[in-house]
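Enquirer: Pasting in a structure now, in C-alpha cells, and then I'll have a few things to ask.
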Ligand SMILES: [Zn+2]
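Residue numbers (my numbering): 2 to 287.
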C-alpha cells in the first residue's frame with residue numbers, strides 16, 4: 002500500500018533524526034529520554050487538542066469555552082513558542098462534520114473562536130470515528146515533523162467513547178466505512194507525535210477499560226488521563242499537559258501557583274498526569 006510506504010519512509014526519516022520518541026522507548030534508557038527532552042527545551046511546541054464532538058461531550062466542551070481566555074493567556078502569554086489547534090471528531094454518519102479542522106494558532110482570540118466554532122453532532126453507533134481522528138492527527142503531526150524536525154508535538158484526545166473496530170461486545174459498532182484500523186492509525190500517531198494524552202471523559206467502567214488499552218503504560222510519553230466526571234478540572238488539565246510538554250519544570254511552577262489558590266485541584270491535576278503529591282510536585286513523566 003502506498004500510504005504504508007509513505008508511513009515507513011517517514012518513520013525511517015524520523016528515526017534517522019532521532020526524533021521518534023515513542024519508537025522502541027521500552028528500550029530507551031530514561032536518561033536518553035531526559036536528554037532528548039532537554040535538547041527540545043526551546044523547540045516550538047505544537048499541540049493538537051482533538052475533541053470528540055458528539056452531544057454527550059457538550060459539558061466538556063462548554064467548560065473549556067467558558068475558560069478559554071485563561072487557558073489561552075496561560076499558554077500563549079506565560080509560555081513561549083506554543084501553537085495550538087482545536088479539532089473536532091464525530092462519527093462518519095455526521096457527514097462533513099465528522100471532522101472539524103482548525104489551523105495552529107498562538108492567539109487567544111483565535112483559540113476562543115476555534116472552541117466556540119465546534120459543532121456538536123449526533124454520532125451514529127456507540128463507537129465514534131476516533132480511528133480516523135487518530136489518522137488525521139497522525140498526518141498533521143507527520144507534516145510538522147518533516148517541516149520542523151526539532152519541534153515537539155503533543156496530541157491531547159478528549160473523548161467518552163471508543164474507536165470503531167475494538168474487540169468488545171457491549172457497544173454498537175458499525176465499523177469504519179473507510180476501513181481504517183485504529184491500531185494502525187494510533188501507532189502512526191504515536192510514532193509521529195512526541196506525547197499522546199487520552200483524556201477519558203467518562204466514568205463508565207467498561208468504556209474506561211477499553212480506552213485504557215489505547216495507551217501503553219510502560220511508555221513515558223503516553224498517558225491515559227482518568228478525568229471521569231471532574232469536568233471542572235479540564236481547563237487546568239489542558240494547561241498542565243501543554244506545560245508538561247513544554248518543560249516539566251514549568252508544569253511544577255504552574256501546579257504550585259494553582260495550589261496556592263486551590264490545593265485540592267492542583268493535587269488532582271498533578272495526579273491525572275501521574276505526579277506524586279507534594280510541594281512542589283515533581284513535574285515529570287513517571
Ligand atoms: Zn473511520
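Beta carbons: idealized from backbone N, C-alpha and C, even for Gly.
Keep in mind it's a predicted model, so treat the numbers as computed, not measured.
Give the DSSP bridge partners of residue 224, in chain order.
Expert: Translated into the one-based positions of the chain shown, residue 224 becomes position 223. Partner(s): 198.
Enquirer: Quick one: Cα of residue 47 to Cα of residue 214, how far?
Expert: Stepping through the chain shown from its first residue, residue 47 is reached at position 46. Stepping through the chain shown from its first residue, residue 214 is reached at position 213. Residue 47 and residue 214: Cα-Cα distance of roughly 25 angstroms.
Enquirer: Who pairs with residue 84 in a beta bridge, going by DSSP?
Expert: Your numbering for residue 84 matches position 83 in the chain shown. 47, per the DSSP bridge assignment.
Enquirer: Residue 101 bridges to which residues according to DSSP?
Expert: As a first step, residue 101 must be located in the chain shown, where it is residue number 100. Per DSSP, 89.
Enquirer: Does DSSP classify residue 277 as helix, strand or coil?
Expert: Walking along the chain shown from the start, residue 277 turns up at place 276. Looking at residue 277 - three-state DSSP - the assignment turns out to be coil, as it is neither helix nor strand.
Enquirer: Among the residues of its own chain, which have a CB less than 7 angstroms from the CB of residue 145, if the five just before and after it don't count?
Expert: In the chain shown, counting from the first residue as 1, residue 145 sits at position 144. Cβ neighbours of residue 145 beyond the five flanking positions: 47, 152 and 154.
Enquirer: My output table needs one value for residue 164: the three-state DSSP class, helix, strand or coil.
Expert: By one-based count along the chain shown, residue 164 stands at place 163. Here residue 164 sits in strand by DSSP.
Enquirer: Just to confirm, does residue 288 get its C-beta within under 7 angstroms of one of the non-hydrogen atoms of ligand 1?
Expert: This structure gives no information on residue 288, because the portion of the chain shown stretches from 2 to 287.
Enquirer: Rounded to a whole number of angstroms, what is the C-alpha to C-alpha distance between residue 256 and residue 222?
Expert: Here residue 256 corresponds to residue number 255 of the chain shown, with the count starting at 1. Here residue 222 corresponds to residue number 221 of the chain shown, with the count starting at 1. Whole-angstrom Cα-Cα distance: 20 angstroms.
Enquirer: Are the beta-carbon atoms belonging to residue 273 and residue 228 less than 8 angstroms from one another?
Expert: Mapped onto the chain shown, residue 273 falls at position 272. Mapped onto the chain shown, residue 228 falls at position 227. The Cβ atoms of residue 273 and residue 228 sit closer than 8 angstroms to each other.
Enquirer: Per DSSP, residue 155 forms a beta bridge with which residues?
Expert: Here residue 155 refers to the residue found at position 154 of the chain shown. For residue 155, which the question treats as bridged, DSSP gives the partners 48 and 196.
Enquirer: Would you tell me roughly how many angstroms separate the C-alpha atoms of residue 20 and residue 188, rounded to the nearest one?
Expert: As a first step, residue 20 must be located in the chain shown, where it is residue number 19. As a first step, residue 188 must be located in the chain shown, where it is residue number 187. Only weak support exists for where residue 20 lies, its pLDDT of 42 falling under 50; the value from the coordinates is given anyway. Each residue's Cα considered, the two are about 15 angstroms apart.
Enquirer: What's the C-alpha gap between residue 278 and residue 254?
Expert: Taking the chain shown and counting its residues from 1, one reaches residue 278 at position 277. Taking the chain shown and counting its residues from 1, one reaches residue 254 at position 253. The alpha-carbon of residue 278 is positioned some 14 angstroms away from that of residue 254.
Enquirer: Alpha carbon to alpha carbon, what distance is there between residue 121 and residue 69?
Expert: Position 68 of the chain shown holds residue 69. Position 120 of the chain shown holds residue 121. Whole-angstrom Cα-Cα distance: 18 angstroms.
Enquirer: Residue 224: buried (16+ other C-beta within 10 angstroms of its C-beta) or exposed?
Expert: Along the chain shown, one-based indexing puts residue 224 at 223. The residue is buried, with at least 16 neighbouring Cβ atoms inside 10 Å.
Enquirer: Beta carbon of residue 99, beta carbon of residue 142: below 8 angstroms?
Expert: Sequence index remark: in the chain shown, residue 99 carries index 98 (1-based). Sequence index remark: in the chain shown, residue 142 carries index 141 (1-based). Not closer than 8 angstroms, so no.
Enquirer: Whole angstroms is fine: what's the gap from residue 139's alpha carbon to residue 186's?
Expert: By one-based count along the chain shown, residue 139 stands at place 138. By one-based count along the chain shown, residue 186 stands at place 185. The straight-line gap from Cα to Cα measures roughly 7 angstroms.
Enquirer: Quick check: is any heavy atom of ligand 1 less than 7 angstroms from the C-beta of residue 181?
Expert: Here the question's residue 181 lines up with position 180 in the chain shown. For residue 181, the shortest C-beta to heavy atom distance toward ligand 1 is below 7 angstroms.
Enquirer: Put residue 122 into one of helix, strand or coil per three-state DSSP.
Expert: Locating residue 122 in the chain shown gives position 121, counting from the first residue. Note: residue 122 maps to strand in three-state DSSP.
Enquirer: Taking the C-alpha atoms as reference points, what is the distance between residue 247 and residue 102?
Expert: By 1-based counting over the chain shown, the position of residue 247 is 246. By 1-based counting over the chain shown, the position of residue 102 is 101. If I take the Cα positions, the gap works out to 23 angstroms.
Enquirer: I'd like to know whether the C-beta atoms of residue 166 and residue 137 end up nearer to each other than 8 angstroms.
Expert: Looking up residue 166 in the chain shown gives position 165. Looking up residue 137 in the chain shown gives position 136. No. Outside cutoff.
Enquirer: By the DSSP assignment, the alpha helix (DSSP H) with residue 56 in it spans what residues?
Expert: Reading the chain shown from its first residue, position 55 is the one you call residue 56. Here residue 56 belongs to no alpha helix (DSSP H), and DSSP marks it neither H nor E.
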